[in-house]
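The UniProt record's numbering puts the sequence shown at residues 1 to 274.
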Amino acid sequence: MRNHYFETMHSALHHQITSDGIEALALCSDRSFPCHSHDEFGFGYLVAGGQESWSGRGLVEAGPGDVITVNPAEIHDGRGQPGAPRHWRMLFLTPAALARFGDVAAETVEWHNPVLSHPATRIVVAGAFAAVVEERPDPVQIEEALLAAIRALAGEALPIAGHRCGPVPTGPVARVLDMIGQNWAAPLSLSDFADEAGMSRYGFLRRFAREVGTTPHAYLTQHRVKRAREEIATGLPIAEAALAAGFADQSHLTRAFARQFGLPPGRFRAATRA
1 MRNHYFETMH SALHHQITSD GIEALALCSD RSFPCHSHDE FGFGYLVAGG QESWSGRGLV
61 EAGPGDVITV NPAEIHDGRG QPGAPRHWRM LFLTPAALAR FGDVAAETVE WHNPVLSHPA
121 TRIVVAGAFA AVVEERPDPV QIEEALLAAI RALAGEALPI AGHRCGPVPT GPVARVLDMI
181 GQNWAAPLSL SDFADEAGMS RYGFLRRFAR EVGTTPHAYL TQHRVKRARE EIATGLPIAE
241 AALAAGFADQ SHLTRAFARQ FGLPPGRFRA ATRA
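Structural data, given as structure tokens:
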């Protein structure tokens, strides 16, 4: 993995190329880019500013919050607004990576909308970018986030997190919940869950979100946090509790613990000893 940081008016705020065919790029620039193309599928969103771009799909304008896409070999340019740098974040996936993470045949994929003004899709795309550029990336989170983003761009949105649409989970989802309850410390993946459910990865992701109200990764993480909390309360050192609960290291646990309980595990441990 390579990372480069620059501090100029034309700034590559983040540039990262992974070994599995993903490139993440965050730019802030007022430059115009001449006609060019990419070998990869690209998708991302504008954080601030705006731009115009011409391609075979015509002239398009994008503003803050808009999702932008580009197909392999698609000739396009890019022009910002005079005196107003735009900030955008993009992911570029090789066709092989798109096929693997999206459960699709890459040769059948073509982004038809160069710009999408759709907040729900932007949230999913932003989540995928954040998962990839995480300082200590979680492979399960990346797998889930990329799958959701690729399918969202195809118009297949997940149910809204936090809104359970069905009764108490049964059948395939219930089996996976039981699997998590018994094997939460194991290195479980979305593929493991889908296999247990006997479904495609995206089919299972949609059903799980609909019946449980959150994603499998989020559910597994909160389950692990609770187990780590129990271990810390018994006096187990935080680093050991993190590993015992299935986290890669203490820093992963600390971030998840603070998100779930509002305080870091060290503060919790101190309170249990007071």
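In this text, a Cβ means the ideal position worked out from N, Cα and C, and glycines have one as well.
DSSP-derived helix/strand/coil call for residue i
| i | result |
| --- | --- |
| L18 | Reading off the sequence, residue 18 comes out as Thr, not Leu. In this structure, T18 counts as coil in the three-state DSSP scheme. |
| S200 | coil |
| L253 | helix |
| R2 | Residue placement at R2 is flagged as unreliable, the pLDDT there being 44, under the threshold of 50; a coordinate-derived value is accordingly withheld. |
| H217 | helix |
| R273 | helix |
| L205 | helix |
| R31 | coil |
| E23 | strand |
| T121 | helix |
| L109 | The amino acid occupying residue 109 in the given sequence is Val; Leu does not appear at that position. Correct three-state label for V109: coil. |
| G266 | helix |
Cα-Cα separation between residue i and residue j, rounded to whole angstroms
| i | j | result |
| --- | --- | --- |
| N71 | P114 | 9 Å |
| S19 | L91 | 14 Å |
| R57 | Q141 | 33 Å |
| R229 | T94 | 40 Å |
| A145 | E231 | 29 Å |
| G203 | M179 | 18 Å |
| Q250 | A242 | 5 Å |
| P64 | R89 | 11 Å |
| R100 | P85 | 35 Å |
| I75 | L59 | 12 Å |
| residue 279 | G78 | Since the first and last residues shown for the chain are 1 and 274, residue 279 lies out of range. |
| G49 | F41 | 23 Å |
| A152 | A248 | 29 Å |
| R164 | R206 | The pLDDT assigned to R164 is 48, lower than 50, so where the model puts this residue is not dependable; a value taken from the coordinates is nonetheless given after this. Near 11 Å, if we compare the C-alpha coordinates of R206 and R164. |
| G80 | A233 | 54 Å |
| A244 | A256 | 15 Å |
| L253 | A270 | 16 Å |
| G198 | S32 | 49 Å |
| H15 | G44 | 14 Å |
| R136 | G21 | 18 Å |
| A209 | H217 | 10 Å |
| S29 | F129 | 19 Å |
Residues bridged to residue i (per DSSP)
| i | result |
| --- | --- |
| F101 | According to DSSP, which records beta bridges pairwise, F101 is partnered with nothing at all. |
| V67 | Y45, L116 |
| F261 | F261 is not bridged to any residue. |
| F247 | DSSP lists no partner for F247. |
| W54 | L59 |
| H76 | H36, S55 |
| F92 | E23, G42 |
| A84 | Q81 |
| A12 | L27 |
Buried versus exposed call for residue i [16 or more other C-beta atoms within 10 Å across all chains shown]
| i | result |
| --- | --- |
| T170 | exposed |
| D66 | buried |
| Q182 | exposed |
| G262 | exposed |
| T8 | The predicted model places T8 with a pLDDT of 39, which falls under 50 and marks its position as unreliable; any figure quoted below should be read in that light. Burial call: exposed. |
| A120 | exposed |
| R267 | exposed |
| E61 | exposed |
| A96 | exposed |
| P139 | exposed |
| G235 | exposed |
| V187 | A small fix is needed here, since residue 187 is Pro in this sequence, not Val. Per the 10 Å Cβ criterion, exposed. |
| A149 | buried |
| G246 | buried |
Starting from the N-terminal side, write out each stretch of the alpha helix (DSSP H) that is 4 residues or longer and does not extend beyond the region 126–191. Listed in chain order, the complete alpha helix (DSSP H) runs (minimum 4 residues) inside the region 126–191 are 139–153, 171–183.
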